[in-house]
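Going by our numbering, the first residue of the sequence shown is number 1, and it counts up by one from there. Think of the CB as a built atom: it goes at the ideal place given N, C-alpha and C, for glycine as much as any other residue. Below: one structure, written as structure tokens.
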Amino acid sequence: MQPRRRTKQIWVGNLPVGGNAPISVQSMTKTDTRDVAATVAQIHALQQAGCEIIRSAVPDLQAAKSLGPIKRSIAIPLVADIHFDYTLALQAIEQGVDAIRFNPGNIGSEDRVKALVEAAGTRNVSIRIGVNGGSLEKDLLEKYGSSTPEALVASALRHVELLEKFGFTNLKISLKASDVPRTIAAYRLIAQRVDYPLHIGVTEAGTVNVGTVKSAVGLGILLSEGIGDTLRVSLTGSPLDEVRVGYDILKSLNLRQRGPVITSCPTCGRTEIDLVALATQVEQRLAHLTYPLHVAVMGCVVNGPGEAREADLGIAAGKQIGLLFKQGEVVGKFPEHELLEALCREAEALAASLSRK
Ligand code: SF4
């Protein structure tokens, strides 16, 4: 792991992004933003899952006007996602959002950029410049031949220069392509050019299965090089999965802690209980815990006792039975059908007592 890149710190509402702030996990609502009740309900579920910044699409004025009531009903920073129409950006700022995702080079005149920057500056609203391989400017596509990493970076720098020209530096940048190598190359390049915080992600990554792998590879490589201050995993699926996968990526690199870390063996010809079902149920049953409890669910006596002993809680299974370990000591021996309940009971009690310390 390379040390984290030193970036300028900005604030998205009450959340610091960049500098030495924890790498934050964000997502995007998938409801119609004009449906305030549905959008607020989805954000509440995401807050509960650990989402730290939420973005909502703003396709029209009615959506922009819904941002105020949404913002007043939630506890995490709200970002308005706007393309091209700067009047929507002004309306979103008026409605009290914490940040906007907007590319100022797309709005035609510098007077408009100036008006936008003034409105954002007055209300302490940060801007994410979000360059996307699928919507790159025509002249850059012609110059570079396609949406190459260099073209993505050139687009981002163009937007940055425009904001800087009006003295606005409260910004972060994303450069997203739908394939992993291009995304990585683009972020590596921009990281050498500016010290603004970077929002990282692989855009349109795919369904939950494929998108998780692509995001883990792409974001994992960038994070291991110290690149990335906030992330969003884009999945064709529930935003709750985006948040879960985001934390799993950060947890696997020891960059954040949230909720149980489960070690489980892959099973083999030695396994004599239904370990796949047990490990899956343990993961589901403990998903609500926020304490980073280490739980091992192991299939036999070969590696089981060692792993179970090293975890906060662990099971080393045998023939339709399992030994339950707590902080290195055996605390019980249970038949297979009682293992899940015994482990979950101990896990909830241990997580509660450790989080009080
Ligand atoms: Fe097989 Fe035992 Fe290893 Fe699990 S812990 S994979 S059951 S050898």
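Worksheet item: Taking the C-alpha atoms as reference points, what is the distance between D195 and V180?
Response: Here residue 195 is taken as the residue at index 195 of the sequence shown, counted from 1. Here residue 180 is taken as the residue at index 180 of the sequence shown, counted from 1. Spanning the two alpha carbons is a distance of roughly 22 Å.
Worksheet item: How would you call L394, buried or exposed, if buried means at least 16 neighbouring beta carbons within 10 angstroms?
Response: Here the chain has residues from 1 to 357 only, and residue 394 is not among them.
Worksheet item: Is it true that the CB of I190 sits closer than 9 Å to the CB of L231?
Response: On the sequence shown, position 231 is the one that residue 231 refers to. On the sequence shown, position 190 is the one that residue 190 refers to. No, the Cβ-Cβ distance between L231 and I190 is not below 9 Å.
Worksheet item: What span of residues does the beta strand (DSSP E) with S109 cover, start to end?
Response: Position 109 of the sequence shown holds residue 109. Where S109 is concerned, there is no enclosing beta strand (DSSP E), given that its DSSP letter is neither H nor E.
Worksheet entry | Every unbroken beta strand (DSSP E) within the segment 37 to 97, with a cutoff of 3 residues, ordered by chain | 53 to 57 and 78 to 81
Item to complete: Check whether the Cβ of R270 sits closer than 8 Å to any heavy atom of the ligand SF4, and report yes or no.
Response: Position 270 of the sequence shown, counted from the start, is the residue given in the question as residue 270. Indeed, a heavy atom of the ligand SF4 lies less than 8 Å from the Cβ.
Worksheet entry | Cβ pair S252, A216 closer than 9 Å | Along the sequence shown, one-based indexing puts residue 252 at 252. Along the sequence shown, one-based indexing puts residue 216 at 216. Cβ distance < 9 Å, so S252 and A216 count as in contact.
Worksheet entry | Distance between S155 and K143 (C-alpha atoms, nearest Å) | Along the sequence shown, one-based indexing puts residue 143 at 143. Along the sequence shown, one-based indexing puts residue 155 at 155. Straight-line Cα distance between these residues: approximately 11 Å.
Discussion item. Starting from E341, trace the alpha helix (DSSP H) in both directions and tell me its first and last residue.
Written reply: As a first step, residue 341 is located in the sequence shown; it is residue number 341 there, counting from the start. Segment E336 to R356, the alpha helix (DSSP H) holding E341.
Worksheet item: Going by C-alpha distance, which of C300, Q257 and H288 is nearest I274?
Response: Within the sequence shown, residue 274 is the residue found at index 274, counting from 1. The sequence given here has Asp at residue 274, not Ile. Per the Cα distances, C300.
Worksheet item: Is the segment 42 to 53 in contact with the segment 230 to 244, if contact means three or more CB pairs nearer than 8 Å?
Response: yes
Worksheet item: Which ranges would you report for the beta strand (DSSP E) in the segment 13 to 38 if only whole runs of at least 3 residues count?
Response: 15 to 17 and 24 to 28
Worksheet item: Should V210 be labelled buried (16 or more other beta-carbon atoms within 10 Å of its own) or exposed?
Response: As a working note, residue 210 is residue 210 in the sequence shown. Burial call: exposed.
Fill in: Cβ contact (3+ pairs, closer than 8 Å) linking the segment 300 to 317 and the segment 329 to 346
yes
Worksheet item: Alpha carbon to alpha carbon, what distance is there between T212 and T236?
Response: For this step, residue 236 is matched to residue 236 along the sequence shown. For this step, residue 212 is matched to residue 212 along the sequence shown. Near 10 Å, if we compare the C-alpha coordinates of T212 and T236.
Fill in: Simplified DSSP assignment, three categories, for L255
For the purposes of this step, residue 255 is taken as the residue at position 255 of the sequence shown. L255: coil per DSSP, three-state reduction.
Item to complete: Could you name the residues of the same chain whose beta carbon sits closer than 7 Å to that of G145, not counting the 5 residues immediately before and after it, in chain order?
Response: For the purposes of this step, residue 145 is taken as the residue at position 145 of the sequence shown. Hits under 7 Å: none found.
Worksheet item: Just how far apart, CA to CA, sit I227 and T280?
Response: In the sequence shown, the residue the question calls residue 227 occupies position 227. In the sequence shown, the residue the question calls residue 280 occupies position 280. Approximately 32 Å, taken between the alpha carbons.
Worksheet item: Run through DSSP, which three-state label would T207 get?
Response: On the sequence shown, residue 207 is found 207 positions in, with the first residue counted as 1. Three-state DSSP puts T207 in a strand.
Item to complete: Give a yes or no on contact between the segment 291 to 298 and the segment 342 to 351, applying the rule of three or more CB pairs nearer than 8 Å.
Response: yes
Worksheet item: Rounded to a whole number of angstroms, what is the C-alpha to C-alpha distance between A41 and I70?
Response: By one-based count along the sequence shown, residue 41 stands at place 41. By one-based count along the sequence shown, residue 70 stands at place 70. Looking at the two C-alpha atoms, the distance is approximately 10 Å.
Worksheet item: Any idea if F84 is buried or exposed, counting beta-carbon neighbours within 10 angstroms, 16 or more meaning buried?
Response: Sequence index remark: in the sequence shown, residue 84 carries index 84 (1-based). Exposed: under 16 other Cβ atoms inside 10 Å.
Discussion item. Tell me the residue span of the beta strand (DSSP E) that contains I262.
Written reply: Counted from its first residue, the sequence shown places residue 262 at position 262. Run containing I262: V261 to S264, per the beta strand (DSSP E) assignment.
Practice prompt. May I ask whether a heavy atom of the ligand SF4 can be found less than 8 Å away from the beta carbon of V302?
Written response: Within the sequence shown, the letter at position 302 stands for residue 302. Checking every heavy atom of the ligand SF4 against the Cβ of V302, one is found closer than 8 Å.
Practice prompt. Would you mind listing the alpha helix (DSSP H) stretches within the segment 100 to 154 that are 4+ residues and don't spill past its ends, in chain order?
Written response: 110 to 122 and 138 to 144
Worksheet entry | Terminal residues of the beta strand (DSSP E) in which L324 lies | As a first step, residue 324 must be located in the sequence shown, where it is residue number 324. L324 -> beta strand (DSSP E) spans I321 to K326.
Fill in: Cα-Cα separation, A185 to K357
Here residue 185 corresponds to residue number 185 of the sequence shown, with the count starting at 1. Here residue 357 corresponds to residue number 357 of the sequence shown, with the count starting at 1. Whole-angstrom Cα-Cα distance: 43 Å.
Worksheet item: Based on Cα-Cα distance, which residue from N254, L250 and E283 lies nearest to S264?
Response: The sequence position of residue 264 within the sequence shown is 264, counting from 1. Answer by Cα proximity: E283.
Discussion item. To the nearest angstrom, how far is the alpha carbon of F334 from that of Q320?
Written reply: Position 334 of the sequence shown holds residue 334. Position 320 of the sequence shown holds residue 320. For F334 and Q320, the distance between alpha carbons rounds to 9 Å.
Item to complete: Could you give the DSSP three-state label for I173: helix, strand or coil?
Response: For the purposes of this step, residue 173 is taken as the residue at position 173 of the sequence shown. It is a strand residue.
Practice prompt. Note the first and the last residue of the continuous alpha helix (DSSP H) segment covering T7.
Written response: As a first step, residue 7 must be located in the sequence shown, where it is residue number 7. Counting along the chain, T7 falls outside any alpha helix (DSSP H), and DSSP gives it neither H nor E.
Item to complete: Tell me whether A311 sits in a helix, a strand or coil according to DSSP, three-state version.
Response: One-based indexing of the sequence shown puts residue 311 at position 311. Coil, per DSSP.
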